[in-house]
Amino acid sequence: MTEEMLQAMPLGRFFAYITKSYYGVLAKKLEELDIDRYYSVLVAMDKTGKGCTQQMLCNLLDIDKVSMVRMIDYFLKKKMVRKIQNPADRREYFLELTPKAKVRLPEFYAAIEELNREALKGLTKEQQKIFKAQLLTIEENINSLPAEKVFINYKKSPKK
Numbered sequence: 000m001t002e003e004m005l006q007a008m009p010l011g012r013f014f015a016y017i018t019k020s021y022y023g024v025l026a027k028k029l030e031e032l033d034i035d036r037y038y039s040v041l042v043a044m045d046k047t048g049k050g051c052t053q054q055m056l057c058n059l060l061d062i063d064k065v066s067m068v069r070m071i072d073y074f075l076k077k078k079m080v081r082k083i084q085n086p087a088d089r090r091e092y093f094l095e096l097t098p099k100a101k102v103r104l105p106e107f108y109a110a111i112e113e114l115n116r117e118a119l120k121g122l123t124k125e126q127q128k129i130f131k132a133q134l135l136t137i138e139e140n141i142n143s144l145p146a147e148k149v150f151i152n153y154k155k156s157p158k159k
């Protein structure tokens, strides 16, 4: 993308382009792990620990309920997540990472760390800190504006 195009494009388009490229590289790095999407859900589940529910993940990651059901179903089929009925409320289920998922987490985090390092190459530690703070400021500014809910779904291209 040229500087002229960058100036003319909505800022979100540039972020979407980076996101698409980032997750394409991450999917390639993680192809041995038998998962190719929804990485943020695994991170959120790992960091929140036991007692995590679908609603909690929806709120934390700002994902609609229907999409979250699809994501959890994906991880259930991959045997990366299991549901445990809440004894206090039989309508609610806690989500837990399986031993299969927990064994793979170190590789998963290593791939993310490596990709982040490669993506931020050429920036000093101080520049990286400033960049992340600026991203948070942009997020806060945008979240303070009236908006319609938009869902963007990046799917991996079928192998040819």
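First residue of the sequence shown: 0, per numbering that gives the first Met the number 0; consecutive thereafter.
Glycine included, each C-beta is placed from N, C-alpha and C at the ideal position.
The structure presented is a predicted model; accordingly, all values stated were derived computationally and were not measured.
One or two residues paired with residue i in a DSSP bridge
i	result
Asn85	Asp88
Leu96	Val80
Residues near residue i by beta carbon distance below 7 Å, same chain, minus five either side
i	result
Glu106	Leu32
Phe130	Leu122
Cβ-Cβ distance between residue i and residue j below 9 Å
i	j	result
Ala100	Leu25	no
Ala118	Tyr21	yes
Thr52	Leu94	yes
Tyr73	Tyr37	yes
Met76	Thr97	Here the sequence assigns Lys to residue 76, which means Met is not the residue at that position. Against a cut-off of 9 Å, the Cβ pair of Thr97 and Lys76 comes out as no contact.
Asp161	Lys148	The chain is shown from 0 up to 159; residue 161 falls before or after that span and cannot be answered.
Close beta carbons around residue i, own chain, < 6 Å, minus the five adjacent residues each side
i	result
Ala110	Lys28, Leu29
Close-in-space but distant-in-sequence residues of the same chain around residue i (CB under 8 Å, 5 per side omitted)
i	result
Gly50	Phe93
Ile137	Leu10
Do the region 74-82 and the region 139-147 make contact, defined as three or more Cβ pairs closer than 8 Å? no
Between the region 51-61 and the region 6-26, can you find at least three pairs of beta-carbon atoms closer than 8 Å? no
At 4 residues or longer, what runs of the alpha helix (DSSP H) sit wholly inside the region 9-84? 10-28, 38-47, 53-60, 64-76
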